[in-house]
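Comments concern the structure below.
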Amino acid sequence: MQCDCERCVPRNISGSAGHFPSMKATRRSGATESEHRRFERVYADHSDAVASYLLARTDRDSAADAFARSFEIAWRRLPDVPLEPLPWLLGVARRVLAEQRRAAGRHTALVERIGQAAFEAAGDDTETACFHEQVLAAIRALTPLQQEALLLTAWDGLSQREAAAALGCSRGALALRLHRARRQLRDAASKPVSSVAGIRGGKAEPRGRGHLSMSQEMP
Amino acid sequence: MSENVVELLRRFRHDDAHRPREILPADWRAALLEQIVREPRSVGADAAPSRSMAEESGRRTLDARIGYGRRHLAVVVLGVIAAAALSALLSRISLSAQPAQAAVVFRIGKHGEIVARIVNPFAAARQLENAFIAHGLHIRVQVLPAPTSLDQVSPGTTVFVSSKGNAIRMIQTGPCRRGPSSCHSDLLIPRHFIGAGTITIYRPAKPGEQYQIAPQSSFLPGQPLHCSHLLGARVRTAIPVLSAHKLKAVWQVKTGDYGHPASATRPPGDYFVWAIWPWGPRTVEVATESVSPHHDLKVLGAQYFDKGC
């Protein structure tokens, strides 16, 4: 922040302009008290969920920007916010993220983010890293809407009805996307784990059977 | 969905997603909330999503105009050449191509940065924002009411610029006189800037409107109560002085240790004045306590405020 005048202090930024804290929170938005209260309730109740949604899908800075933008839109479109606001909010956050990604030319940002988590989760275990890489490839192969349908239900705990609302599609369409996504993931996870040279120093060896077949049977 | 698939996908969820309160802390969120609800809600309510698209569209337009071609490695070389040619062309035509009523004029600077000059700071904030959006820049414009007596700064001056990483810089160009178009501030914006920024411009407050930016004290030189020596004076002494200056008071009375809520109620006459600030046109805010300011504070205040008395 730069200031040309040493004596001027933006009260709405500094919050204090002298010996005492400023207690003047003016409301110049033209909104009614009930609208303020409603928005504050929406914000208080769902900001964690929106933040988690964004942080799962993008880096911290972009998540912070998208978080601010999403709630700014919610404020401006308060009459459109449904009584159960979370799916609507996540739908807005999803579009904001998509715009960010288009702007930055990072169409694979979600998969990159998942990839980071997958490598973290695998730790030093080469076999697990290979398995994760295989599943990641399957996730990459999904369409963006399939990915989102899957993650909204698996990560964000939305029901199919809520996920459909967030994606702006019918429940039937969502069920179809979920079914296809699940089948592709299941197929990928049940394949024998192949060697992924380069992962974890290229220590992986070809294995004759799938990783899941030992510990987890995918239905 | 199979529980196993859910479990598998949960492993792939970034750890940050489990720590939203740590990464986006409560004070940050509270400040954001305050900022959001200050925005006019009804204006452009239905246009919010399309505004985002407009921003995006504008950003792409800018990308195209200045040869922002890093997305496609294969065309990097061609992109650089095209950008150079386009930049040269733009720098020649951008000023002349602006509409006569443009609020902001853009050009490409010597070092390839985007130079934005606000030529009509009294345009509506929305119009100014739209001018930036049209060039792919997400710059929020705040126009704050302020007294006309702010030292060194004329109405219409851009007084603050903030952006991620302080990427946007501001330089004052030429003398700053009163009136529209007399005070130019150039914003230097990195060519590939894709973050968000805020600029703050001040305008004279309307009658009855509260200042959002003001001098730190009404005792400063140039302020109506300069040389009034009211710091540490009793309220009963201050009231006639304020009346003589035709100033209305908004009172603050210290309650406990936690603050001084503004109140229309006048404190007892034997309370002491701790500070006075400009509040709005012909209105000051007076902070009072039942005890006198410490002697040292009064001495320091006198040294600071009473220059030229």
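So the protein sequences, as listed, match chains G and R. Numbers in the numbering used here are just positions in the first sequence, counted from 1, shifted up by 12. Numbers in the numbering used here are just positions in the second sequence, counted from 1, shifted up by 1. Cβ coordinates follow ideal geometry from the N, Cα and C atoms, glycine included.
Throw me the rounded Cβ distance for the residue i and residue j pair, which I believe falls under 8 Å.
i	j	result
R/Ala215	R/Pro148	6 Å
R/Val113	R/Arg192	Before going on, a small fix: residue 113 of chain R reads as Gly here, not Val. At roughly 5 Å, the Cβ-Cβ gap stays under 8 Å, so R/Gly113 and R/Arg192 are in contact.
G/Ala129	R/Asp16	7 Å
R/Pro241	R/Phe273	Wrong, their Cβ atoms sit about 16 Å apart, outside the cutoff.
G/Ala80	G/Val104	Not really, about 12 Å apart at Cβ, beyond 8 Å.
R/Leu188	R/Pro225	Going by Cβ atoms, the distance from R/Leu188 to R/Pro225 rounds to 34 Å, so no, they are not a contact pair.
R/Pro21	G/Ala63	4 Å
R/Val204	R/Pro268	Going by the sequence as given, residue 204 of chain R is Arg instead of Val. The pair is not a contact, with the Cβ atoms about 33 Å apart (cut-off 8 Å).
Is the beta carbon of residue i sitting closer than 9 Å to the one on residue j?
i	j	result
R/Thr284	R/Gln253	no
R/Gly233	R/Trp275	yes
R/Gly270	R/Arg237	yes
R/Ser218	R/Trp280	no
G/Arg189	G/Ala153	no
R/Arg118	R/Glu130	no
G/Ser82	G/Leu98	no
G/Ala75	R/Ile24	yes
R/Val292	R/Leu243	no
R/Phe306	R/Phe220	yes
G/Glu174	G/Glu96	yes
R/Ile115	R/His136	yes
G/Ile126	R/Arg11	no
G/Leu102	G/Ala178	yes
R/Ile190	R/Gln143	no
Is there a C-beta anywhere in chain R that falls below 9 Å from the one on residue i?
i	result
G/Leu101	no
G/Ala141	no
G/Ala121	no
G/Gln146	no
G/Arg173	no
G/Leu197	yes
G/Glu132	yes
G/Gln128	yes
G/His48	yes
G/Asp77	yes
G/Ala116	yes
G/Ser182	no
G/Ser52	A small correction: the amino acid at residue 52 of chain G is Glu; Ser does not occupy that position in the sequence shown. Closer than 9 Å: yes.
G/Met230	Confidence is the limiting factor: at G/Met230 the pLDDT is only 34, short of 50, which leaves the residue's position unreliable and the question unanswerable from this model.
G/Arg189	no
G/Thr38	Residue placement at G/Thr38 is poorly supported in this model, since its pLDDT is 37, which falls under 50; the coordinates are not used for a value here.
G/Leu264	A query on residue 264 of chain G cannot be resolved here, the shown segment of chain G reaching from 13 to 231 and no further.
G/Arg152	no
Please report whether the beta-carbon of residue i lies at a distance below 9 Å from any beta-carbon of chain G.
i	result
R/Glu114	no
R/Ile140	no
R/Val242	no
R/Val7	yes
R/Leu301	no
R/Pro208	no
R/His296	no
R/Val24	The question names Val, but residue 24 of chain R is Ile in the sequence shown. Judged by the 9 Å Cβ criterion, R/Ile24 is in contact with chain G.
R/Pro191	no
R/His15	yes
R/Ile37	yes
Grouping DSSP H, G and I as helix and E and B as strand, with all else coil, what is residue i?
i	result
G/Leu162	helix
G/Ser74	helix
R/Gly209	coil
R/Arg267	coil
R/Arg283	coil
G/Gly184	helix
R/Arg116	It is worth fixing the name first, because residue 116 of chain R is Val in this sequence and not Arg. Strand.
G/Val147	helix
G/Asp168	coil
R/Gly137	coil
R/Ala124	coil
R/Glu290	strand
R/Thr238	helix
R/Thr199	strand
R/Pro222	coil
G/Arg89	coil
G/Pro97	helix
R/Asp307	coil
R/Pro191	coil
R/Lys249	strand
G/Pro156	helix
R/Ile169	coil
Considering only heavy atoms of the ligand SAH, does any lie closer than 8 Å to the CB of residue i?
i	result
G/Arg72	The model on display carries no ligand, and the ligand SAH is accordingly not part of it.
Report yes or no: is there a C-beta of chain B within less than 9 Å of the C-beta of residue i?
i	result
R/Phe194	As a matter of chain content, chain B is missing from the structure shown, whose protein chains are G and R.
Sufficient close CB pairs (3 or more, under 8 Å) joining the region 157-172 of chain G to the region 83-94 of chain G = Cβ pair count under 8 Å is below three, so no.
Between the region 105-125 of chain G and the region 52-71 of chain G, do at least 3 Cβ pairs fall closer than 8 Å?
-> Taking 8 Å as the limit for Cβ pairs, the verdict is that the region 52-71 of chain G does touch the region 105-125 of chain G.
Taking contact to mean at least 3 C-beta pairs separated by less than 8 Å, is the region 139-156 of chain G in contact with the region 197-204 of chain G?
-> Contact between the region 139-156 of chain G and the region 197-204 of chain G is present: 3 or more CB-CB pairs across the two stretches fall below 8 Å.
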